[in-house]
Amino acid sequence: MAIASKNETAPRPSMHILTPSQGETGWVIETEDFTIEALTGLPEHCYVFLDVINYPPPGPRREMLLEHFGVPKFVANRTCFELNGYFGSKPTYSGQGTTKHLASYTTWFRCLVKMVKKVKVDASDDGPEYVMGQKGYKWFEMSFFSKWNAPGKCQVLCVDTPPDFREGLKQLLGNRVQTRALNFRDPFAMHADLIDQIVVYSDISVWRVRDPVRELEKARMRAGAIFGPIHEVSRHAIHTAEILEATIDNVKEMQHRQTAIHDTLCSHLDETYREQAKDYGQFQISLLKGLKLRSDSNQERLKNEINLVCSNMKLWLQNAVTHTCQAFNNLARQDNSVMKSIALLTMIFLPATFISALFSTTFFNFGDDGSWEVSGKLWIYWATTVPATIVIVVLWELWLANSDAIIKFLKGSQSWPRTLWEKVKPSQSPARETIAQP
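Below, the structure written as structure tokens:
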């Protein structure tokens, strides 16, 4: 019973349906429970928005959902669900020869947008915050599936779009109603405003990567503290550039297919409509290319910031080494002062020590009457001390002048016993052999 009660209170998956209002004076958004069976009752012209948590996982249910839009089963697998973008289409013709006409047309495409957390000061846009929690970014992996049936039934499924995507699309469609209504005879009629919205969110994504880059440039933090933020922002910039490149390729392919389909619908779509649709598609591509250049600029600015940080770190290390050398020089000077003090003390005490040592020898003595007597052999002391002192001083000077050569000679002389043995050993062998003979 407890399980049943829990299931009854669990929220049911829902879908948001954007459809023209009665009288086609605008567009309205309705919310209904989402079931695959409910898709059969959708309005002829509508956008269906489905949150990613309600999107069926890869398997039979997802295949059934996409089958309603005529999408191949392969698109329902995990491979396509994890790609950074794709575009595909499937036309169906009926009749032969002069009666041949386009009966239905299916498209499926995928565009990703990575939103970075909005900066708190001097943000480049006034849009809402899309990132919640501590992660710092959020992916919107948008997938779109459209099914067009002649003469003008068109339904589009939109999966994992930003929360305000449908409101922005509603506003674009409302503006179109006031100028020129959608021509549902065109299988791509409901795609143009979708691409406009994708361009808007791609623009927000690029500028929200640019804002942290600008903060890093203005802050000029210490080298050790800046590498973490630069690495994080650089990762976002790389992802943004990648998905923009994929989006540009998708829109180009869509433009190519749109031109081909329009050529088959010459009787339903006049030349003005076809040319304007083609030109507007080229305009959308140029917008995306401009955003791609801005994204590339963000990466170059990050590289420049990294180079600046490395240069500053190199300069800081040089200054640190200079200060360290100065400190060592100061210590050396202090050590030199200490050595001078020791030498001065030695010079002060050395004469007294020498005199006391000299007079303590047997060359000096006191007689029985208390008189001071000096030995007649005192000259021996001077005859040995003076030459020995001179020899030691000379040897010390020779050592200082030729220390490297002396050390090299001593190292080379260590191998002479082995060399001598190698020379002597062969000469002794014949003698031993001769003695051993009878």
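In the numbering used here, the protein residues as written are 647 to 1084. Backbone N, C-alpha and C define an ideal beta-carbon position, used for all residues, glycine too. For clarity, every value in this text was computed on a predicted model and none was experimentally measured.
Under the DSSP definition of a beta bridge, which residues are partnered with E678? As a first step, residue 678 must be located in the sequence shown, where it is residue number 32. DSSP, once it has assigned bridges, lists M661 as partnering E678.
Residue from M710, Q945, V721 whose Cα sits closest to the Cα of G860: By 1-based counting over the sequence shown, the position of residue 860 is 214. In the sequence as displayed, the identity of residue 860 is Arg instead of Gly. The residue with the shortest Cα to Cα distance from R860 is Q945.
Here's the rule: buried if 16 or more other CB atoms are within 10 angstroms of the residue's CB, otherwise exposed. What is Q817? Taking the first residue of the sequence shown as 1, we reach residue 817 at position 171. It is exposed - the Cβ of Q817 has fewer than 16 other Cβ atoms within 10 Å.
Span of the beta strand (DSSP E) around V698: Translated into positions along the sequence shown, residue 698 becomes position 52. Premise fails: V698 is in no beta strand (DSSP E) and is neither H nor E.
Would you call the CB atoms of D771 and W853 closer than 8 Å? For the purposes of this step, residue 771 is taken as residue 125 along the sequence shown, with counting starting at 1. For the purposes of this step, residue 853 is taken as residue 207 along the sequence shown, with counting starting at 1. Their beta carbons are under 8 Å apart, which means D771 touches W853 by this criterion.
So, helix, strand or coil for A869, using DSSP? Within the sequence shown, the letter at position 223 stands for residue 869. Reliability of the predicted coordinates at A869 is poor, the pLDDT of 49 falling under 50, and no value is obtained from them.
Please list, in chain order, all residues of the same chain as R920 whose beta carbon is under 7 Å from its beta carbon, the five residues on each side excluded. Position 274 of the sequence shown, counted from the first residue, corresponds to residue 920. H908, listed in sequence order.
Would S735 pass as an interface residue toward chain C - the criterion being a Cβ-Cβ separation below 8 Å? The structure shown contains no chain C, having only a single protein chain.
For the candidate residues F680, Q668, I663, whose alpha-carbon lies nearest to that of P657? To locate residue 657, count along the sequence shown from 1; it is residue 11. Taking only the C-alpha atoms, the option nearest P657 is F680.
Between E863 and the rest of its own chain, which residues show a CB-CB distance below 8 Å, the 5 nearest in sequence each way excluded? The residue given as residue 863 occupies position 217 in the sequence shown. So the list reads R947, E951, once near-sequence residues are dropped.
For the alpha helix (DSSP H) that L977 lies in, which residues bound it at each end? Within the sequence shown, residue 977 is the residue found at index 331, counting from 1. 917-1005 is the span of the alpha helix (DSSP H), which, as asked, contains L977.
Could you tell me the alpha carbon to alpha carbon distance between T905 and G734, rounded to whole angstroms? For the purposes of this step, residue 905 is taken as the residue at position 259 of the sequence shown. For the purposes of this step, residue 734 is taken as the residue at position 88 of the sequence shown. C-alpha of T905 to C-alpha of G734: approximately 15 Å in a straight line.
If you count every other CB in all the chains shown that lies within 10 Å of the CB of Y1027, and 16 or more means buried, which is it? Here residue 1027 refers to the residue found at position 381 when the sequence shown is read from its first residue. Exposed: under 16 other Cβ atoms inside 10 Å.
For L803, report the span of its beta strand (DSSP E) as first-last. By 1-based counting over the sequence shown, the position of residue 803 is 157. Unbroken beta strand (DSSP E) run through L803: 799-805.
Does the beta-carbon distance from L664 to Y693 come in below 8 Å? In the sequence shown, counting from the first residue as 1, residue 664 sits at position 18. In the sequence shown, counting from the first residue as 1, residue 693 sits at position 47. Cβ atoms of L664 and Y693: closer than 8 Å.
Could you pull out every residue in the same chain whose Cβ sits closer than 7 Å to the Cβ of S851, ignoring the five residues on either side in sequence? Counting from 1 along the sequence shown, the entry for residue 851 is found at position 205. Counting only Cβ-Cβ distances below 7 Å, and skipping sequence neighbours, we find V759, K760, M761, T886.
6 Å Cβ shell around P659 - same chain, five flanking residues per side excluded: Start at 1 with the first residue of the sequence shown, and residue 659 comes out as number 13. Here the set comprises F680, N700.
As an exercise, report each continuous beta strand (DSSP E) stretch of at least 3 residues that is fully enclosed by the segment 779-865, in chain order. 783-795, 799-805
Apart from the five residues on each side of it in sequence, which residues of its chain come closer than 7 Å, Cβ to Cβ, to A869? For the purposes of this step, residue 869 is identified with residue 223 of the sequence shown, where counting begins at 1. For A869, the predicted model reports a pLDDT of 49, less than 50, meaning its position is unreliable and no value from the coordinates is stated.
6 Å Cβ shell around P689 - same chain, five flanking residues per side excluded: Here residue 689 refers to the residue found at position 43 when the sequence shown is read from its first residue. Excluding sequence neighbours, P689 sits near T665.
The beta strand (DSSP E) with T753 in it runs from where to where? Reading the sequence shown from its first residue, position 107 is the one you call residue 753. Here the beta strand (DSSP E) through T753 covers 747-762.
What does DSSP give as the partner residue(s) for V694 in the beta ladder? Indexing the sequence shown from 1 puts residue 694 at position 48. DSSP lists I663, L803 as partners of V694.
Over what stretch of residues does the beta strand (DSSP E) that includes F733 continue unbroken? Numbered from its first residue, the sequence shown carries residue 733 at position 87. F733 -> beta strand (DSSP E) spans 731-740.
Nearest-angstrom Cα separation, counted from Q843 out to M661: For the purposes of this step, residue 661 is identified with residue 15 of the sequence shown, where counting begins at 1. For the purposes of this step, residue 843 is identified with residue 197 of the sequence shown, where counting begins at 1. Roughly 19 Å between the two C-alpha positions.
Going straight from the alpha carbon of C971 to that of K986, what length do you get? Taking the sequence shown and counting its residues from 1, the one referred to as residue 971 is at position 325. Taking the sequence shown and counting its residues from 1, the one referred to as residue 986 is at position 340. Going by the C-alpha atoms only, they are around 22 Å apart.
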